[in-house]
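Okay, so the sequence shown: first residue is 108 according to the numbering used here, each after it adds one. Let me begin by presenting the structure, written as structure tokens, before commenting on it.
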Amino acid sequence: CTMVDHYTGEDINRPIRETGIPASAKILEIWDTGVKYNDDPVVGFRLLVTPKDGSPYQAEAKNVISIVHLSQFQPGAIVPVRFDPDNPKSVALDIHGGR
Numbered sequence: 108c109t110m111v112d113h114y115t116g117e118d119i120n121r122p123i124r125e126t127g128i129p130a131s132a133k134i135l136e137i138w139d140t141g142v143k144y145n146d147d148p149v150v151g152f153r154l155l156v157t158p159k160d161g162s163p164y165q166a167e168a169k170n171v172i173s174i175v176h177l178s179q180f181q182p183g184a185i186v187p188v189r190f191d192p193d194n195p196k197s198v199a200l201d202i203h204g205g206r
């Protein structure tokens, strides 16, 4: 599990989703990381994060995205995220509501 979490980004994403601050983000760019999990791609994202209290900033994240839902995660889309208050550039997509 530890190795899978490392390649999918879950080793970073899980704690941020559990304790991070909610925000929204605009997808600026996506890329294929070359990793798949259960035939779904691990996608890299460049995001414009907009915290409720603060100025927008750019950050990067990666997340497993179901191939069925990939069309919803294209540049221009707005997605929910959470960020680490101690390191705001550490961002995780919160597409499953904190799970």
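Cβ atoms here follow ideal geometry from the backbone N, Cα and C, with glycine treated the same way. Bear in mind that the values here come from a model prediction, so they are computed numbers and not experimental data.
Please report the distance separating the alpha-carbon of residue i from that of residue j.
i	j	result
P163	L154	10 Å
D146	A184	23 Å
R124	P187	11 Å
W138	N120	18 Å
L177	V156	20 Å
A132	F190	11 Å
I172	V150	7 Å
E117	N170	8 Å
T140	D160	32 Å
H203	E136	21 Å
Would you check if the distance between the CB atom of residue i and the CB atom of residue j is smaller than 8 Å?
i	j	result
V142	A166	no
P148	I174	yes
F180	A168	no
Y144	T126	no
Helix, strand or coil for residue i, going by three-state DSSP, please let me know.
i	result
D191	strand
S131	strand
Q181	coil
D118	helix
I123	helix
So, under 8 Å CB-CB, residue i and residue j are touching, yes? Tell me the CB distance rounded to an integer number of Å.
i	j	result
P129	D201	7 Å
I134	P182	5 Å
Output the boundary residues of the beta strand (DSSP E) element that contains residue i.
i	result
P158	D147 to P158
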